[in-house]
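Chains A and B, in that order, are what the protein sequence lines are.
Read in order, the letters of the first sequence are residues 1 to 390 in the numbering used here.
Read in order, the letters of the second sequence are residues 1001 to 1390 in the numbering used here.
Since the structure comes first, as structure tokens, the remarks are kept for the end.
2 protein chains.
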Amino acid sequence: MEHFPPLDPPIRKLLGPGPSEIHPRVLTALARPTVGHLDPWYLQLMDQTQRALRSVMQTQNRMTFAVSATGSAGMEAAVVNLIEPGDRMLVCVNGVFGARMCDVAERAGAAVTRIDRPWGETFAPEEVAAAIDRVRPKAVGIVQAETSTGAHQPVDEIARIARDAGCLLVIDAVTALGGVPVETDRWQADVVYSGSQKCLSCPPGLAPISFSERAVEAVQRRKTKVASWYLDISLLANYWGSDRAYHHTAPINMTYALYEALRIVLEEGLENAFRRHLRNHRALGAGLEALGIRFAAEEGRRLPMLNAVVIPDGIDDLQVRKGLLERYGIEIGGGLGAFKGRVWRIGLMGYGSQKANVYLVLAALEELLAEQNCAFSRGSSVAAAAAAYG
Amino acid sequence: MEHFPPLDPPIRKLLGPGPSEIHPRVLTALARPTVGHLDPWYLQLMDQTQRALRSVMQTQNRMTFAVSATGSAGMEAAVVNLIEPGDRMLVCVNGVFGARMCDVAERAGAAVTRIDRPWGETFAPEEVAAAIDRVRPKAVGIVQAETSTGAHQPVDEIARIARDAGCLLVIDAVTALGGVPVETDRWQADVVYSGSQKCLSCPPGLAPISFSERAVEAVQRRKTKVASWYLDISLLANYWGSDRAYHHTAPINMTYALYEALRIVLEEGLENAFRRHLRNHRALGAGLEALGIRFAAEEGRRLPMLNAVVIPDGIDDLQVRKGLLERYGIEIGGGLGAFKGRVWRIGLMGYGSQKANVYLVLAALEELLAEQNCAFSRGSSVAAAAAAYG
């Protein structure tokens, strides 16, 4: 037999764009004994998980559940359920994930109109309003937390505009959920989806999603079947709804982990979690500023959990990231797409958003930068972060 | 805050249609610390997992990997990649999963022709050959191990016929893999997919899948994009292939579990595993026969890992299954579709295929049957099973 070595993963500090650092309680939950997917106890756990998801997603939407796949499948579930071939969809693109939504929508047969902002910027309500006026789309898609740029898109006003125009609003909250307010009901958003591996600090593998009643009705009014059997919410509703009819075999242990992760978020309280993310983000920002490193996203529109920063001139991207990984076990993210080689993405997500991690990543970065360029003085960044904590 | 009780799953003996009993080593692997999905160590683990999958699936196919979702998504991945709108697909239906494949294919735009056999029976090569002659389909779909009926479909000869006719052959090996031979290359099958939660004894959440070079070329020749972004193997090939380009965030910990599960299968050896499944199936069958319980699938076509048996007259289905669960923590499966209320499905899958489980489920069933009808004598079934072990 060919040799397959025992599994022995290295211990990492996950300070990249996700997966984030996993709370130890979540890993323990993950390994609890598996039960059947129609076990009475599991059906109850599904109920509890749905209730916990509604709390975290700030919604009363009945169709709030977890797609049995990763965050990108959440995006696909949102789009393929709402869109029938020929439907018009407007997508706001200011990074990788907006562009991905265009691709997903085109594959679903949508006539896609995209509007663009430069990477790192966000959309003003007026430009979205103008595009809606022009296109009259059935659905509008926007990314609240653009993981490729660190930009925080305000969606409050855009949601109102979409609603007034009678459009269905799809919000990508993959990186947002648990780190900044995702106010599904207050915004009257129609589909909001996320991923388990960002600010919920759960391993990747599930995509929390919520459909408004209006969205569910739109799915029920479809003339064509949803192209994906696996993601069809009219089928999923029978499993996650009151019937508990067999659809597919749910990823039982991942549900354990998600439930435990949601409990941890709710124990802390959403407002406390948001404040903690903001405090650590500001301290990290002060430390980075002391190093002369600037953010990729515009001021006032920066995500607290995903700090995308411009790599200083003359610094070797790969060498720094390799040094972080090999010396400290720290993972930060490189740039994606237009930002490849130009940007680092430092995640302080969920359980990973801790003072200890802020100090650690600053101290480690400083050391590596100073090695490449002696203009980077040692010690300044941690002091600046400490001062920001006050 | 609303109360969310601590996670405390009951301990079950999973002797149903899956998820199967999980090997303790697999649960331990599942809870190992999460790493990033582009971590050099994780990329290596993906390589090793692909190599292990190729061994278990008996193939050299380069595009052998695990879909980041459950077994049904494996079916969807097989179909949506091969089928373009208007393509003809022939599907052989003798249970729930064949019927599901028709639905999936229709949603992908296929012109589906289905041929049917009564539940519990299997297809003869001649009838598939005649249908291929008549329909001239691009693809033929067949279920090797029909989990709803316990029927074992021989695919060897049918594969030859499909190949000679120039059709792409899709084989559902969800329940088969690891329990009976799945000879992907010898059959020259084009797409074979499975699930992690059957004879691999891993929690649900991943769908092993293998595409032949011929299938990959068919995908490359498509005129239209694959309807699903998430399942498009031309994109997935860049992540699972040599580029390791970011596609979606892989379910890291589930990959740990699958890798460990595959290691366990390969340590035992496929042939040994198949023999073990057969031995325990025969002993269970002898025990059930002593109780006067007969199989739903025809003689000579019974799956060793999924024993679908007809519920004896006068016996209350739910009361027996409730008794098994509450008194012994044993889960067996009820009937699906046409077999609802008429059939039990006793799984002896992977790690769960053990002499101890055969004796336990027989003894427990006997007790519950005797309580409902004193004609069921006590003690006979375990003795019969013991005799079958020899």
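A virtual CB, placed ideally from N, CA and C, is assigned to each residue, including glycine.
Any beta-carbon of chain B closer than 9 Å to the one on I252(A)? Nearest CB-CB separation between I252(A) and chain B: below the 9 Å threshold.
Along the alpha helix (DSSP H) that carries T255(A), what are the first and last residues, could you check? Going by DSSP, T255(A) is part of the alpha helix (DSSP H) stretching over I252 to E268.
Between which two residues does the alpha helix (DSSP H) containing A1383(B) stretch? Per DSSP, A1383(B) belongs to the alpha helix (DSSP H) from S1380 to Y1389.
Complete runs of the alpha helix (DSSP H) confined to the region 1262-1315 of chain B [at least 4 residues]: DSSP runs (the alpha helix (DSSP H)) wholly in the region 1262-1315 of chain B: 1270-1290.
What residues match up with I1346(B) in a beta bridge as DSSP calls it? Per DSSP, N1307(B).
May I ask you to report which of helix, strand or coil DSSP gives E1146(B)? Under the three-state reduction of DSSP output, E1146(B) falls in the strand class.
What are the uninterrupted segments assigned as alpha helix (DSSP H) that are 4 or more residues long and contained completely in the region 1149-1220 of chain B, given in chain order? Taking only runs of at least 4 residues, the alpha helix (DSSP H) segments lying wholly in the region 1149-1220 of chain B are 1156-1164, 1184-1187 and 1213-1220.
Could you give the distance in angstroms between the alpha-carbon of G230(A) and the alpha-carbon of E183(A)? The residue asked about is misnamed: residue 230(A) is Tyr in this sequence, not Gly. Roughly 27 Å between the two C-alpha positions.
Contact criterion: CB-CB distance below 9 Å. Does L325(A) meet it with respect to chain B? Yes, because at least one Cβ of chain B sits closer than 9 Å to the Cβ of L325(A).
Are the CB atoms of N61(A) and S212(A) within a distance shorter than 9 Å? Yes, they are a contact pair.
In terms of residue numbering, what span does the alpha helix (DSSP H) encompassing R1100(B) cover? Unbroken alpha helix (DSSP H) run through R1100(B): V1096 to R1107.
Boundaries (first-last residue) of the alpha helix (DSSP H) holding A1227(B): Where A1227(B) is concerned, there is no enclosing alpha helix (DSSP H), given that its DSSP letter is neither H nor E.
What residues from chain A crowd round D979(B), counting only those whose CB sits closer than 9 Å? Coverage of chain B is limited to positions 1001 through 1390, which leaves residue 979(B) absent and any answer about it impossible.
Pick helix, strand or coil for G1333(B), following the three-state DSSP scheme. When secondary structure is reduced to three states using DSSP, G1333(B) falls in the strand class.
Mind pulling the chain B residues with CB within less than 8 Å of G71(A)? In chain order: H1248 and T1249.
Taking K1198(B) as the reference, which of A1386(B), G1352(B), C1374(B) and N1373(B) has the closest Cα? With distances taken between CA atoms, K1198(B) lies nearest to G1352(B) out of A1386(B), G1352(B), C1374(B) and N1373(B).
For A1245(B), name the three-state secondary structure that DSSP assigns. In this structure, A1245(B) counts as coil in the three-state DSSP scheme.
Specify whether the region 131-147 of chain A and the region 75-95 of chain A touch according to this definition: at least 3 beta carbon pairs, one from each stretch, less than 8 Å apart. Taking 8 Å as the limit for Cβ pairs, the verdict is that the region 75-95 of chain A does touch the region 131-147 of chain A.
Should Y1389(B) be flagged as near chain A, meaning a C-beta pair shorter than 9 Å? Output row for Y1389(B): interface = no.
Would a check of beta-carbon distances place D342(A) closer than 9 Å to chain B? Note that residue 342(A) corresponds to Arg in the displayed sequence, not to Asp. For R342(A), not one C-beta of chain B is nearer than 9 Å to its own C-beta.
If we cut at 9 Å on Cβ distances, does Y328(A) have a partner in chain B? Against chain B, the CB of Y328(A) has no partner CB under 9 Å away; the residue lies outside that interface.
Please report whether the beta-carbon of V1080(B) lies at a distance below 9 Å from any beta-carbon of chain A. At least one C-beta of chain A is nearer than 9 Å to the C-beta of V1080(B).
So with CB distances below 9 Å, who are the chain B contacts of I22(A)? For I22(A), the residues of chain B that pass the 9 Å Cβ criterion are P1033, T1034 and N1253, in the order they occur in the chain.
Mapping the DSSP letters down to three states, classify T113(A) as helix, strand or coil. In this structure, T113(A) counts as strand in the three-state DSSP scheme.
Runs of alpha helix (DSSP H) wholly within the region 1009-1043 of chain B (minimum 4 residues, chain order): Here the runs fully enclosed are 1024-1030.
Are three or more beta carbon pairs between the region 221-239 of chain A and the region 66-85 of chain A nearer than 8 Å? Between the region 221-239 of chain A and the region 66-85 of chain A, the count of Cβ pairs shorter than 8 Å is three or higher; the stretches touch.
The region 197-221 of chain A: which residues have C-beta closer than 8 Å to a C-beta of chain B, in chain order? Listed by position along the chain: Q197, P203, P204 and G205.
Using CA coordinates, which residue listed in R1321(B), C1374(B) and H1248(B) is at the minimum distance from G18(A)? Closest by C-alpha distance to G18(A), out of R1321(B), C1374(B) and H1248(B), is H1248(B).
Buried or exposed: which applies to L1362(B), given that a residue is buried once 16 or more other Cβ atoms fall within 10 Å of its Cβ? Classification for L1362(B): buried.
On the three-pair Cβ rule with 8 Å, is the region 8-18 of chain A touching the region 1028-1038 of chain B? Yes: the two stretches touch, three or more of their Cβ pairs being nearer than 8 Å.
8 Å Cβ cut-off: residues of chain E touching T1028(B): Looking for chain E here will not work: the only protein chains present are A and B.
Over what stretch of residues does the alpha helix (DSSP H) that includes A66(A) continue unbroken? For A66(A), there is no enclosing alpha helix (DSSP H); the enclosing beta strand (DSSP E) has its first and last residue at M63 to V67.
Output the distance between the C-alpha atoms of L45(A) and I1171(B), rounded to the nearest integer angstrom. In a straight line, the C-alpha of L45(A) is about 34 Å away from that of I1171(B).
Could you name the residues of the same chain whose beta carbon sits closer than 6 Å to that of V216(A), not counting the 5 residues immediately before and after it, in chain order? Excluding sequence neighbours, V216(A) sits near M63.
N1094(B) burial status per 10 Å Cβ neighbour count (16 or more: buried): For N1094(B), the number of other beta carbons within 10 angstroms of its own is at least 16, and it is reported as buried.
Helix, strand or coil: which one does DSSP assign to R1088(B)? The answer is strand: DSSP assigns R1088(B) an E or B state.
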